[in-house]
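K.L.:
Those letters in the first sequence? Residues 1 to 1002, per the numbering used here, in order.
The beta-carbon is built from N, C-alpha and C at its ideal position, and this holds for glycine as well.
Sharing a structure below in structure tokens format, with a few things to ask.
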Amino acid sequence: MTHELPKQYDPHEAQKRWLAFWQEQGHGHSRPDPSREPFTIVIPPPNVTGALHLGHALNNTLQDVLVRWRRMQGYNALWMPGTDHAGIATQAVVERRLRDTESKTRHDLGREELVRRIWQWKDQYEARILGQLRELGCSCDWARTRFTLDPVCARAVRHTFFKMFKDGLIFRGKRLVNWDAQLQTSVADDETYTEEVKGGFWTFRYPVKGSDEFIRFSTTRPETMLGDTAVAVHPTDERHRHLIGKTVTIPLNGREIPIIADGQLVDPTLGTGAVKVTPAHDANDYACGLRHKLPMINILNPDGTINENGGKYAGLERYKAREEVTAEMERLGLFEGREDRAIPLKFSDRSKTPIEPYLSDQWFVSMGNLAQTAMGAVSDGLVTFHPKRYQNTYLDWLSERRDWCISRQLWWGHRIPVWTRSGRGWTEDEIEEFGLRDRVKSTDTFIEAFTEDHAFQGRFDPVTGETTSFICVAPGHEEFEQRLVDKGYVQDPDVLDTWFSSALWPYSTLGWPGPALPDQPPGPQNPEWAEMRSYYPTSVLVTSRDIITLWVARMVITGRYNVDQVPFHHVYIHPKILDGFGETMSKTKGNGIDPLDIIARYGTDALRYGMVHVATETQDSRMPVSNVCPNCDKLVSVKPEHMYMRTRKVICPDCKKPFRPGGPWPAEDAELPTARQASERFEAGRNFANKLWNAARFLLLNLEGYRPEALQVKDLPIEDRWILSRLATTAAAVTQALEGYHFSEVARAVYDFTWSEFCDWYVEMSKGRLRDEASRPAAQRVQAGVLDAILRLAHPVMPFVTESLWQALNEAAFERGLPAPEPSAESVMIAPWPALPPEWQDRAMEERIGRMQELVRAVREVRNRYTVDARQPLDVSVRCRPEVAADFELLRPFIVQLAGVGTLQCGSGVAKPPQAASHVNPDFEVYVSLRGLIDVAAEGKRLEKQLAEKRKHLQGTKAKLENRNFTDKAPADVVQQQRDLVADLENQLRAMEANLQELQQE
RNA sequence: GGGCGCUUAGCUCAGUUGGCUAGAGCACCAGCUCGACACGCUGGGGGUCACAGGUUCAAGUCCUGUAGCGCCCACCA
């Protein structure tokens, strides 16, 4: 029975079929299994903001390659999938939609309703993202899919927060934050970007009290004068020295403020040499304010208008206030001038509006000791970075130990589990009721008390004379929370930074802090935690370099803090996919590529092959993109102006019809047909899948009568031993590359072996053997065995085509394999990873076949040069050493077949026939008879050119050997190599010279 | 300003610890409907390894500097 496959691989049929098959077989599902070593990866959870782009495809393909490989190696492999709620990003998207479609703000909806709307959004996009991951072939354990707001994650967040609160690691402080006046929230530094804008540089002066002097200063934000609490000069600046300690009056509101000396804030060489100090609205001034204990006057409302501290300017929008302040100073004669200047201004990523530095109450995690433990994890080798250089990014950032602002003024996220009551401390009744009597510790301004599940703090502010109580509650005490509310406490309205829950991801997803064991101390020592013990610490984290600090470092911190173990042993940082112009892909730029477009055009295996192939050590990879014209199917290269959402319409240069450029985030108007995207970088993968398909197709057509039988390698003919040697070498190389995260090499090794060795040579050599009944069975066994091994080696990269062929091969040759046949696995996904006997690797054998390949290529080259018809046999004479001649005799049928040879003569005494093209090789000289065809002049010219090159090479090598320094200092083997080379070249030259001479005499 | 990378064929990239005449894919040229594959087969052309110095018997590879590009961090009254 033959097994005829279609001529072309249909990736889409395969994808549909095997995704369902794998799901049904449950090979992605993992359970704790003490008998097998675990291999665990947690996914970097994609944001539920939108769709995945090519960067995600890269990230997830590489994870899947590792997971599939380790699973085949017999590890208990678990890949935990999930998504991230992505606080500000998601809320901003939903709020924007609300504004665009319903003209409403979040305040119109209220907290509960907005959060409900975001959940709807999340459900929709989570499904889309998980669907994309499935389409990519990701062998995740879907039954364990997590979302960072899941109850288990929430419990982990609450536990961590409570623990940190109790340990004094969480504190509330006034800090300057990046305030987004549009979204009315603080945003992290990394959620801002800086742009140069046209602005002004104003110079004003303040009158010095008790004199007729003025002090001059410049500013780019005149309205902040309302919040000035000092003017600073440099302590050594002669111009201002006499003013230090004096007082100036802010004419706008009459406030008197000191002139202080601050060598850090002031650079005497810049501007006027004097600086106004607004601690509540500028980061440097804030630091200066702390140094000099200056008052900090906040002049802004959360919406960006001036507050009551601005006096008569209260209520004005910030830029309006700027104009009015400037106008008044001018009226007072205290305005000296304004120059236009390009000002670098911080903007919010989300709202695209200017950031205001703003003093507000925030929660922080104190990083000192935590950062130390995380640095230790890397310097002690518990966590290793690949490539190694990325550990610098990690260590440098941690060494700054900057406190982590964890509160966000949002409604979407884990709400901060702290209940606050302002204006009142705890009452005696409450101290009794909460059981705090003997637990209270206090100072003049601070009071705290802890129970098992609650942490109480009270603070007295001597400035305002107010007391505020904070109570942090451990998870699972809803009735207590209600009691607090009844007593006038309110829960903090803020939510936690997204990265707070992401930081717990590697173990919160595994059920930490334990299923229903709130009274047991959390930790992996708890015997109930089978899941934790089985899968934690995870094996490797695969991610991109831009979140080494935001995410990787914080996972290490909380891992050591919460469960006393690092979250992973290895961190593999992969390159970034850039667009054709060298820019990173982002939604803001609108230059992403939708992996589903690539899948639709080239197939998933091609996408994955492309991703693995670009994953090199050092370089990011450019990905030039085309739009596929939806009207005429022609490729239209993407130009810079198509990006950044600038162009919503492209006219196809071919059919002149318009279309909308494609991508994962196309513009919303749908009047025009949308292009799918394409990139020729995926053609190699598509072609390779098809090549593999057709090679298998050929073998399957010739497996009739196949019978399994163990192979005795030493009894096999040379060509079989050769391909087995190459296979063993390749399998070892692929395994080694995977172990070192050298993904690109994995792709290349599998590709080269399959295409250039197996298909181009071995399969071609088999064709004759298959027709011969005597040699057929062995050839079939080796072919089935090698194909089987190729399918396994290629499977982690190209799961679909390999599964298709595996199943087809199962029908034709169910028992197969190397070195001895075995019944095959029901899926290549769980077939054992190839580990071939190292003694199969036979360098000498590879060289012998290499020589034959050289001979065949030489004959083909002559045939091509003289355009001799492929079917016309050529008469070939080879002059060589006897042992080479013996090899060629052995390989005669292949040489005849592969090079189209008529008569073949080999031996040391072989003479050059007349009218022959020659080809000189270190091991042999080939002559191809070309009676009547040969162009003596052209042949002679060619020989002379080659002679010249060889002579030059010889001369260079000889010169090297004549250099005493070289022969004395270079290693003996290198010197010997050069001597052999000289001998070789001299032989070749002699032969070529003789050939030329004979040619000229003909 | 500090740090980490990058610059090799027209394009996109490899090139392990310095050691034969620097590789691949795509593109290009020529020839092939030869019973797996035109997403293919066969062969070919194409590179002063950014530039300038240095170390070394030997440099694409190590060091210094210059130029350009990218990313991260800090700062810019």
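Thinking C-alpha only, which one of E336, T249, T467 and P354 is nearest G199?
P.N.:
G199 has its Cα closest to that of P354, out of E336, T249, T467 and P354.
K.L.:
Among S908, R241, T373 and L805, which residue has its Cα nearest to the Cα of D262?
P.N.:
That would be R241, whose Cα lies nearest to the Cα of D262.
K.L.:
What do you get for N965, buried or exposed, if any count of 16 or more other CB atoms within 10 angstroms of its CB means buried?
P.N.:
It counts as exposed.
K.L.:
Classify E839 as helix, strand or coil using the three-state DSSP reduction.
P.N.:
Looking at E839 - three-state DSSP - the assignment turns out to be helix.
K.L.:
Using the rule of at least 16 other Cβ atoms within 10 Å of the residue's Cβ for burial, across every protein chain shown, is V325 buried or exposed?
P.N.:
With 16 or more Cβ atoms within 10 Å of its Cβ, V325 is classed as buried.
K.L.:
Find out if the Cβ-Cβ distance for the pair D123, N76 is shorter than 8 Å.
P.N.:
Taking 8 Å as the Cβ cut-off, D123 and N76 do not qualify as a contacting pair.
K.L.:
DSSP on N301, reduced to helix/strand/coil?
P.N.:
It is coil, neither helix nor strand.
K.L.:
Taking the alpha-carbon positions, what's the M645 to Q91 distance?
P.N.:
In this prediction, M645 scores a pLDDT of 48, lower than 50, which makes its location untrustworthy; the coordinate-derived value is nonetheless stated afterwards. Each residue's Cα considered, the two are about 22 Å apart.
K.L.:
Could you please give the first and the last residue of the uninterrupted alpha helix (DSSP H) stretch that includes R942?
P.N.:
R942 -> alpha helix (DSSP H) spans V936 to E962.
K.L.:
Which one of L541, V920, G333 and H569 has the shortest CA to CA distance from D984?
P.N.:
Considering only alpha carbons, the answer is V920.
K.L.:
In the DSSP assignment, find the unbroken alpha helix (DSSP H) run with Q599 in it and report its ends.
P.N.:
The residue asked about is misnamed: residue 599 is Ile in this sequence, not Gln. Note, I599: alpha helix (DSSP H), P595 to Y602.
K.L.:
Using only the alpha-carbon positions, how far apart do L496 and A314 sit?
P.N.:
Cα-Cα distance, rounded: 31 Å.
K.L.:
Below 8 Å on the Cβ atoms is my guess for L226 versus I299; work out the distance and round it to an integer in Å.
P.N.:
Right, the Cβ-Cβ distance comes to about 5 Å (below 8 Å), so this counts as a contact.
K.L.:
List the DSSP bridge partners of L635.
P.N.:
Partner(s): V628.
K.L.:
Does DSSP put G458 in a helix, a strand or coil?
P.N.:
G458: strand per DSSP, three-state reduction.
K.L.:
Check the DSSP bridge columns for F450 and list the partner residues they point to.
P.N.:
Per DSSP, A455.
K.L.:
Could you tell me whether the stretch 352-372 touches the stretch 392-401, where touching means 3 or more Cβ pairs closer than 8 Å?
P.N.:
The answer is yes - the stretch 392-401 touches the stretch 352-372, with three or more Cβ pairs under 8 Å.
K.L.:
Short check: CB of L1005 to CB of V277, under 8 Å?
P.N.:
Any question about residue 1005 goes unanswered here, given that the chain covers just 1 to 1002.
K.L.:
Looking at the unbroken beta strand (DSSP E) that takes in C472, where does it start and where does it end?
P.N.:
Run containing C472: E466 to V473, per the beta strand (DSSP E) assignment.
K.L.:
So the alpha helix (DSSP H) T802 belongs to, where does it begin and stop?
P.N.:
T802 -> alpha helix (DSSP H) spans P799 to A812.
K.L.:
Who pairs with P873 in a beta bridge, going by DSSP?
P.N.:
Answer is none; P873 lacks a bridge partner.
K.L.:
Thinking just about the alpha-carbon of each residue, which of L504, K104 and W363 is nearest to the one in D494?
P.N.:
Considering only alpha carbons, the answer is W363.
K.L.:
Below 8 Å between beta carbons: does that hold for S679 and V625?
P.N.:
For S679 and V625, yes; Cβs fall inside 8 Å.
K.L.:
Would you call A445 buried or exposed, if buried means 16 or more other Cβ atoms sit within 10 Å of its Cβ?
P.N.:
The sequence given here has Thr at residue 445, not Ala. The residue in question, T445, is exposed, as its Cβ has fewer than 16 Cβ neighbours within 10 Å.
K.L.:
Answer with buried or exposed for P575, where buried requires no fewer than 16 other C-beta atoms within 10 angstroms of its C-beta.
P.N.:
It is buried - the Cβ of P575 has at least 16 other Cβ atoms within 10 Å.
K.L.:
From V94, T269 and P6, pick the residue whose C-alpha is nearest to that of S351; which is it?
P.N.:
Closest option to S351, Cα to Cα, is V94.
K.L.:
So is Y394 buried or exposed if we call it buried at 16+ other beta carbons inside 10 Å?
P.N.:
With 16 or more Cβ atoms within 10 Å of its Cβ, Y394 is classed as buried.
K.L.:
Can you check which of these residues, L805, K246, M532 and H742, is closest to E213 by C-alpha distance?
P.N.:
It is K246 whose Cα lies nearest to the Cα of E213.
K.L.:
May I ask you to report which of helix, strand or coil DSSP gives A51?
P.N.:
A51: coil per DSSP, three-state reduction.
K.L.:
Are the stretch 780-791 and the stretch 739-748 touching by the rule of at least three beta carbon pairs closer than 8 Å?
P.N.:
Touching, no.
K.L.:
At 3 residues or longer, and completely inside the stretch 723-784: list those beta strand (DSSP E) runs for me, N to C.
P.N.:
The stretch 723-784 contains no whole beta strand (DSSP E) run of 3 or more residues.
K.L.:
Near P522, what residues of its chain come up, given a Cβ to Cβ distance below 8 Å and the 5 sequence neighbours on each side ignored?
P.N.:
The pLDDT assigned to P522 is 49, lower than 50, so where the model puts this residue is not dependable, and the model offers no usable value.
K.L.:
Between the stretch 705-725 and the stretch 812-822, do three or more beta carbon pairs fall short of 8 Å?
P.N.:
Touching, per the Cβ criterion.
K.L.:
Do you know how far the Cα of I593 is from the Cα of S637?
P.N.:
Straight-line Cα distance between these residues: approximately 13 Å.
K.L.:
As a quick exercise: from S508, L805 and V868, pick the residue whose alpha carbon is nearest that of E4.
P.N.:
For E4, the nearest C-alpha among the options comes from L805.
K.L.:
With 16 other CB atoms within 10 Å as the buried threshold, where does T730 fall?
P.N.:
Per the 10 Å Cβ criterion, buried.
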